[in-house]
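Peer 1: Residues in the sequence shown are numbered from 48 upward in steps of one, following my numbering.
Even glycine gets a Cβ: it sits at the ideal position worked out from N, Cα and C.
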Amino acid sequence: MTSDPPVTDAVEDAAADIATMEIRGAATIARAAAEALAVQARETDADSPATFEASMRRAGRRLYDTRPTAVSLPNALRYTLGRMDGDDVEALRDSLLGATRAFTDRLDRAQRDLGQVGANRLRDGDTVMTHCHSTDALSCVEHAVEQGKDISAIVKETRPRNQGHITATELRELGVDVTLVVDSAARRYLDDADHVLVGADSIAADGGVVNKIGTSGLAVNARERGVPIMVAAQTIKLHPDTLTGHTVEIEMRDETEIIDADTRADIGDIEVRNPAFDVTPPRYVDAIVTESGQFPPESIVTLMRELFGESADRPWEEPTEPQQ
Ligand code: RI2
Numbered sequence: 048m049t050s051d052p053p054v055t056d057a058v059e060d061a062a063a064d065i066a067t068m069e070i071r072g073a074a075t076i077a078r079a080a081a082e083a084l085a086v087q088a089r090e091t092d093a094d095s096p097a098t099f100e101a102s103m104r105r106a107g108r109r110l111y112d113t114r115p116t117a118v119s120l121p122n123a124l125r126y127t128l129g130r131m132d133g134d135d136v137e138a139l140r141d142s143l144l145g146a147t148r149a150f151t152d153r154l155d156r157a158q159r160d161l162g163q164v165g166a167n168r169l170r171d172g173d174t175v176m177t178h179c180h181s182t183d184a185l186s187c188v189e190h191a192v193e194q195g196k197d198i199s200a201i202v203k204e205t206r207p208r209n210q211g212h213i214t215a216t217e218l219r220e221l222g223v224d225v226t227l228v229v230d231s232a233a234r235r236y237l238d239d240a241d242h243v244l245v246g247a248d249s250i251a252a253d254g255g256v257v258n259k260i261g262t263s264g265l266a267v268n269a270r271e272r273g274v275p276i277m278v279a280a281q282t283i284k285l286h287p288d289t290l291t292g293h294t295v296e297i298e299m300r301d302e303t304e305i306i307d308a309d310t311r312a313d314i315g316d317i318e319v320r321n322p323a324f325d326v327t328p329p330r331y332v333d334a335i336v337t338e339s340g341q342f343p344p345e346s347i348v349t350l351m352r353e354l355f356g357e358s359a360d361r362p363w364e365e366p367t368e369p370q371q
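#1: Apart from the five residues on each side of it in sequence, which residues of its chain come closer than 7 Å, Cβ to Cβ, to Met351?
#2: Residue ranges of each alpha helix (DSSP H) run of no fewer than 4 residues wholly in the stretch 269-347, ordered along the chain?
#3: When the Cα atoms are used, what is the spatial distance from Ile76 to Lys196?
#4: Among Thr367, Ala232, Arg361, which has the Cα closest to the Cα of Leu110?
#5: Would the beta-carbon of Ser181 be found less than 7 Å away from any heavy atom of the ligand RI2?
#6: Start and end of the beta strand (DSSP E) containing Asn122?
#7: Is Gly72 near the ligand RI2, judged by its Cβ being under 7 Å from some heavy atom?
#8: Shorter than 7 Å, the distance from the beta carbon of Asp238 to the closest heavy atom of the ligand RI2, or not?
#9: If you pair each beta-carbon of the stretch 169-182 with each one of the stretch 242-262, do three or more pairs fall below 8 Å?
#10: Using DSSP's beta-bridge definition, name the partner residues of Thr176.
#11: Is DSSP giving Thr49 helix, strand or coil here?
#12: Considering only residues of the stretch 184-236, which uninterrupted beta strand (DSSP E) runs meet the minimum length of 3 residues and lie entirely inside it, listed in chain order?
#13: Where Thr49 and Glu59 are concerned, what is the direct C-alpha to C-alpha distance, given to the nearest angstrom?
#14: Which residues bound the alpha helix (DSSP H) around Asp164?
#15: Between Phe150 and Ala81, how many whole angstroms is the CB-CB distance? I'm expecting something under 8 Å.
#16: With DSSP as the reference, label Asp58 as helix, strand or coil.
#17: So the candidates are Arg300, Val332, Pro53; which of them puts its Cα closest to the Cα of Asn268?
#18: Taking the alpha helix (DSSP H) that Thr98 falls in, what are its first and last residues?
#19: I need the straight-line Cα distance from Pro53 to Met103, nearest angstrom please.
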């Protein structure tokens with residue numbers, strides 16, 4: 048039995064950075080995965096079509112195994128590995144490199160296009176409340192500002208990793224007035240917000256939105272206060288496995304992100320849980336904004352079927368032997 052050629056340092060580094068969240072955010076993770084596959088395609092010393100394909104699949108598996116929730120990662124692998132085609136190594140390499148370029152171009156275009164759609168929902172003088180850091184959500188604000196609208200933001204800090212600080216920094220760079228609040232102050236400040244604006248890591252076929260832990264509580268409070276909830280999510284966030292009854296795995300991260308060892312020991316015998324994401328049921332979401340327009344969550348399944356058919360392939364897995 049021959050073993051697959053090893054993955055390159057670029058793939059190892061990208062995988063490690065995704066796992067530790069040096070690289071984070073669903074779209075950014077997808078881009079990093081596609082770019083790492085391109086380096087693998089250029090640098091692998093695989094010298095036959097079969098070993099080249101095996102080497103690319105192995106790189107795909109290494110990336111796939113890093114974080115389980117954001118479907119943009121497997122969708123990036125689907126798009127790029129699924130377009131690998133050819134009878135020799137050169138042809139396979141060229142097709143893979145072409146697909147990774149097309150994929151990253153698509154990411155840029157999708158974010159720009161959905162930003163226009165989201166911006167149209169914001170009026171001059173509006174205040175948005177944000178949770179975590181989402182490049183798709185920020186694109187909506189950026190385009191609203193470009194349209195000449197005056198937008199303010201109430202930014203939740205978003206424990207445990209305080210990604211709200213990144214949001215606050217980037218909004219200030221856009222010239223947006225920012226008020227930073229702790230997560231538990233969100234309900235208090237919802238009265239001052241015209242929209243809740245969040246991103247997504249995955250969207251399920253029923254319109255459920257998987258996003259940073261705390262999104263669902265914010266959405267329930269926003270509904271109670273009559274504040275509409277807008278989810279900015281390009282279509283690589285649509286989770287095709289949910290078309291066939293699978294659920295989205297919620298990543299559990301290390302407890303040290305929320306409590307240090309000494310504090311834990313001082314408290315005594317406790318359990319600590321650190322889920323990174325939660326699911327907001329579709330009834331709490333007003334609109335999912337994509338590059339193909341805005342959708343009520345209940346009709347996102349139509350778009351999902353259009354883009355993925357009835358089920359999703361997994362081109363990073365070893366092909367199974369045909370049945371005799
Ligand atoms: P964009 C992030 O997850 C946040 O949950 C954010 O809403 C989502 O990715 C989408 O980000 P994490 O990687 O693709 O910080 O919109 O755990 O940038």
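Peer 2: This is what the structure gives:
#1: Ala252, Leu285, Pro287, Leu290
#2: 308-314
#3: Ile76 and Lys196 have their alpha carbons spaced roughly 30 Å apart.
#4: Arg361
#5: yes
#6: Element bounds for Asn122: not the beta strand (DSSP E) but the alpha helix (DSSP H), 119-128.
#7: Yes, since a heavy atom of the ligand RI2 falls inside the 7 Å radius drawn around the Cβ of Gly72.
#8: no
#9: yes
#10: The sequence given here places Met at residue 176; Thr does not occur at that position. Met176 has Ile201, Val243 as its beta-bridge partners, per DSSP.
#11: In this prediction, Thr49 has a pLDDT of 48, which is less than 50 and means its spatial position is unreliable; what the coordinates show is noted afterwards. It is coil, neither helix nor strand.
#12: Runs of the beta strand (DSSP E) inside the stretch 184-236: 199-203, 224-228.
#13: Residue placement at Thr49 is flagged as unreliable, the pLDDT there being 48, under the threshold of 50; the coordinate-derived value follows with that caveat. In a straight line, the C-alpha of Thr49 is about 21 Å away from that of Glu59.
#14: One point to set straight first is that residue 164 is Val, not Asp, in the sequence displayed. Element bounds for Val164: 136-168.
#15: 5 Å
#16: Rather than Asp, the amino acid found at residue 58 in this sequence is Val. In the structure shown, Val58 sits in a helix (DSSP, three-state: H, G or I).
#17: Val332
#18: 96-111
#19: 10 Å
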